[in-house]
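Written out below as structure tokens is the structure these notes cover.
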Amino acid sequence: MKRTALLSLIGAACFGFVSSAAAAHGDNALAIPDFTKGDAIPASARHDWNLGPTGLRGWMFCDRLVTTDARQIAITAVGDVLLGAGGQPFSYDPRTELGRAITAAKTEAGGGRLALTRWRAGTTEEVTLRLPVLGTFSATAPYDCPKSQRILAQGLTALAARMMQPEYQKRENPIPRALNALALLAGGDAAHQPLLKREAQWAADFTVRDFKTWYYGYVMIFLAEYVTATGHHRAA
């Protein structure tokens with residue numbers, strides 16, 4: 063499989079896996095809370111979202127993977143509420159609108175300035191976060207795009223560091239573990255080869271009694287791609 067095609071496959075698979083965890087719990091409809099009026103995050107829907115390079119996590123109303131009904135993002139760690147981004151109030155989908163504002167802020171023209179409309183303890187004001195400037199996406203992004211390559215390199219470095227943590231091998235679910243290894247393999251960084259060899263040995267020895275179709279499918283994709291890319295028929 064070509065490297066660019068593999069990256070696309072990984073991105074789609076990772077997005078689908080992560081997004082599926084964000085669905086509202088159960089089949090009962092949730093009322094949309096208004097955090098500026100004292101409403102709380104529903105007890106049955108505690109999943110929050112990583113808000114990209116802001117370093118924040120936030121909860122927004124989500125109905126079966128759809129956030130278009132939300133108009134607020136509750137910052138879960140500090141209790142602030144975001145009502146808009148980029149100088150505009152949220153009007154159609156806070157997840158998309160915040161993402162586009164972040165993309166604009168990280169361009170040379172944006173200068174790393176992310177404007178947010180913040181509500182805190184009854185007061186609404188405009189605040190600005192400073193983000194690192196990584197440049198502008200090319201017209202063909204993520205292909206032939208220096209910014210995409212920088213983002214990928216930074217992401218793989220962070221991923222490899224997490225995979226090296228002692229608890230990773232004990233706790234990581236086989237599906238994201240296989241996807242993480244695929245991501246490192248697609249990155250093509252020689253420095254990650256020892257880690258990939260370890261993960262290939264894990265994949266070769268992997269056994270499971272339940273959810274065989276789910277787990278073996280992802281594990282075998284990684285193992286097959288590893289053998290194709292390296293020619294190693296055994297990790298040892």
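Residue 298 is where the sequence shown ends in my numbering, and the numbering goes up by one at each step. Don't be surprised by glycine CBs; every beta carbon is placed ideally from N, CA and C. Quick caveat, the model's predicted, so the values are computed rather than measured.
Which word fits residue i, buried or exposed, when buried means at least 16 other C-beta atoms lie within 10 angstroms of its C-beta?
{"i": "K168", "result": "buried"}
{"i": "D206", "result": "exposed"}
{"i": "G146", "result": "buried"}
{"i": "T202", "result": "exposed"}
{"i": "H254", "result": "buried"}
Just to check my reading of the structure: residue i and residue j have Cβ atoms closer than 8 Å, yes? What is that Cβ distance to the nearest angstrom?
{"i": "R192", "j": "G172", "result": "With a Cβ gap of about 11 Å, R192 and G172 do not count as contacting."}
{"i": "R119", "j": "T138", "result": "5 Å"}
{"i": "A136", "j": "F97", "result": "5 Å"}
Using the three-state DSSP reduction, which class does residue i fall into: helix, strand or coil?
{"i": "N235", "result": "coil"}
{"i": "P151", "result": "strand"}
{"i": "R133", "result": "coil"}
{"i": "R108", "result": "coil"}
{"i": "T116", "result": "helix"}
{"i": "L196", "result": "coil"}
{"i": "G249", "result": "helix"}
{"i": "T98", "result": "helix"}
Residue i lies in the beta strand (DSSP E); which residues open and close that run?
{"i": "G120", "result": "R119 to W121"}
{"i": "T169", "result": "Per DSSP, T169 belongs to no beta strand (DSSP E) and is neither H nor E."}
{"i": "L176", "result": "R175 to R182"}
Could you please give the first and the last residue of the uninterrupted alpha helix (DSSP H) stretch that includes residue i?
{"i": "R212", "result": "P208 to M225"}
{"i": "E287", "result": "K274 to T292"}
{"i": "E261", "result": "Q255 to D267"}
Just the C-alpha distance for residue i and residue j, rounded to the nearest angstrom, thanks.
{"i": "G117", "j": "A215", "result": "18 Å"}
{"i": "A243", "j": "L258", "result": "7 Å"}
{"i": "G293", "j": "S200", "result": "34 Å"}
{"i": "E229", "j": "G217", "result": "20 Å"}
{"i": "P104", "j": "P95", "result": "8 Å"}
{"i": "A107", "j": "G161", "result": "22 Å"}
{"i": "L285", "j": "Q231", "result": "17 Å"}
{"i": "A252", "j": "L246", "result": "10 Å"}
{"i": "Q150", "j": "L176", "result": "12 Å"}
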